[in-house]
Amino acid sequence: MIVNNIESLLLSTTANTVSEFVCILIIAFLIIGLILLKVGNGRNFVAYTPALLTTLGIFGTFIGIVIGLLAFDASNIDESIEGLLAGLQTAFLTSLLGILSSILFKIIQTSGIISPIISVEQSYSATPEDILASINKQGDAITNLATAIGGD
Numbered sequence: 184m185i186v187n188n189i190e191s192l193l194l195s196t197t198a199n200t201v202s203e204f205v206c207i208l209i210i211a212f213l214i215i216g217l218i219l220l221k222v223g224n225g226r227n228f229v230a231y232t233p234a235l236l237t238t239l240g241i242f243g244t245f246i247g248i249v250i251g252l253l254a255f256d257a258s259n260i261d262e263s264i265e266g267l268l269a270g271l272q273t274a275f276l277t278s279l280l281g282i283l284s285s286i287l288f289k290i291i292q293t294s295g296i297i298s299p300i301i302s303v304e305q306s307y308s309a310t311p312e313d314i315l316a317s318i319n320k321q322g323d324a325i326t327n328l329a330t331a332i333g334g335d
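Start counting the sequence shown at 184; every next residue gets the next number (this note's numbering).
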């Protein structure tokens, strides 16, 4: 039932429509990720953005392949080649855009073009007391681990 509904939905759309929809999604999420990177909000989303962009590209790939295969008729190869190729064009176009946008986002994110790179000196400001407390916590954790592994 669900498969038939999905199949009829894909048959009612064209490969170009799917290409445009997936490409708009990829560009929209790229822009959202860049905005969140700039304002410093949404760390989880910003960290996930490259994977999301690639995943959307792969999503478009599979939809394009399915549309191409649904348009293909083995008994009428000459007339069904056009639909198959349109689906494959969607598949490769969306993959390419997803991968390129992911690479672009990572380059922008790591280069500090949009937001300055925080140096190690800027990101840590620990007092000697903080360092000693951290060392003591690590010592306690190692002692607890040794006890858990070897017993008393």
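Ideal Cβ positions, reconstructed from N, Cα and C, are used throughout, including at glycine.
DSSP, read as helix, strand or coil, puts T196 in coil.
Bounds of the alpha helix (DSSP H) holding T277 are I260 to S294.
Burial state of G223 is exposed, judged by a 10 Å Cβ sphere holding fewer than 16 other Cβ atoms. The continuous alpha helix (DSSP H) containing N327 extends over residues P311 to G333.
The continuous stretches of alpha helix (DSSP H) do not include N224, and DSSP gives it neither H nor E.
A contact is defined here as three or more CB-CB pairs under 8 Å, and the segment 278–290 meets this definition with respect to the segment 230–246. Classified as exposed, T310 has fewer than 16 neighbouring CB atoms from the shown chains inside 10 Å of its CB.
Residue F288 holds the alpha-carbon nearest to the alpha-carbon of L220 among F288, V186 and S308. With respect to A254, G243 sits apart: the two C-beta atoms are not nearer than 8 Å. Around the beta carbon of A329, fewer than 16 other beta carbons sit within 10 angstroms, so the residue counts as exposed. Between V201 and I241, the gap from beta carbon to beta carbon reaches 8 Å or more.
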